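First comes the structure, then the notes that go with it.
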Amino acid sequence: MKRWRKWIDAIFSIALFLSLFCTYFLLYDYGKITAQLGEFYRQEWFFYFLTTVSAIAGLFALFTLIRVIVLPSLNSYVVDKDENGEMLITSKAVENNILTTVDNYNEVKKSDVDVRVNNGSKHEISAKVTCGVREGIDLSLLGKQIKRDVSSNLEELTGYSVTKVDVEFYNIKEDSGKRVV
Numbered sequence: 000m001k002r003w004r005k006w007i008d009a010i011f012s013i014a015l016f017l018s019l020f021c022t023y024f025l026l027y028d029y030g031k032i033t034a035q036l037g038e039f040y041r042q043e044w045f046f047y048f049l050t051t052v053s054a055i056a057g058l059f060a061l062f063t064l065i066r067v068i069v070l071p072s073l074n075s076y077v078v079d080k081d082e083n084g085e086m087l088i089t090s091k092a093v094e095n096n097i098l099t100t101v102d103n104y105n106e107v108k109k110s111d112v113d114v115r116v117n118n119g120s121k122h123e124i125s126a127k128v129t130c131g132v133r134e135g136i137d138l139s140l141l142g143k144q145i146k147r148d149v150s151s152n153l154e155e156l157t158g159y160s161v162t163k164v165d166v167e168f169y170n171i172k173e174d175s176g177k178r179v180v
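FYI, numbering that gives the first Met the number 0 numbers position 166 of the sequence shown as 165, with every residue one higher than the one before it.
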């Protein structure tokens, strides 16, 4: 679901809830009713009609609000469109591709990835890779190699331009409190 569509649906469902609440309770106002609506209010069918319409609209608003909360936005996917249709690649698949690339380095013992996809006018992707390493490794050289490999693999997999790849290193021994063999 597109981000703007999610916002519109969220605003719509909240506005519908508020209007239902105001309509129902202003109309019945705990037993007090305005003079203009008095003849409708006195008829028994009007109460049931208004209650049924309010319940249906409330369920629709609740469904829309839950859908907005649960469905991921298109920024969770890489969208590949061509004349035959479109293909969506999840961010999790892209993260797993990056983790596989980083796992090829023996110096890296533990890694984590965060991917940001921009499906706006420019299709861009960026990644932040956090790598656990041991002491005594040339981090500058390792970082450049990881950036280069991750960037080329991302462009090959997604077809999106890679804006940046951030590589962050931490010492496994200090952060975990355990000895690394």
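Ideal placement from N, C-alpha and C gives every residue a C-beta, glycine not left out. Computed from a predicted model, the values in this text were never measured in an experiment.
Check, Outcome
"Among Y159, I97 and E43, the one whose alpha carbon lies nearest that of D148", "I97"
"Among V101, L61, R66 and S160, the one whose alpha carbon lies nearest that of E167", "V101"
"Through-space distance from E85 to R178, alpha-carbon basis", "A caution first: R178 carries a pLDDT of 44, below 50, which makes its placement in the model unreliable, though a value can still be read off. Their backbone Cα atoms lie some 48 Å apart in a straight line."
"Helix, strand or coil at N170 [DSSP, three-state]", "strand"
"Segments assigned alpha helix (DSSP H), at least 4 residues, entirely inside the region 64–132", "90–102"
"Closest Cα partner of K108 within the set S120, E134 and L15", "E134"
"Burial state of K163, where buried means 16 or more other Cβ atoms lie within 10 Å", "exposed"
"Element boundaries [alpha helix (DSSP H), containing I145]", "L138 to T157"
"Close Cβ partners of V132 (< 8 Å) along its chain, the five nearest in sequence each way excluded", "E106, V107, K108, L138, L141, F168, Y169, N170 and I171"
"Close-in-space but distant-in-sequence residues of the same chain around F45 (CB under 7 Å, 5 per side omitted)", "F39"
"Straight-line Cα distance separating L153 from V161", "7 Å"
"Beta-carbon proximity check, V67 vs S12, cutoff 8 Å", "yes"
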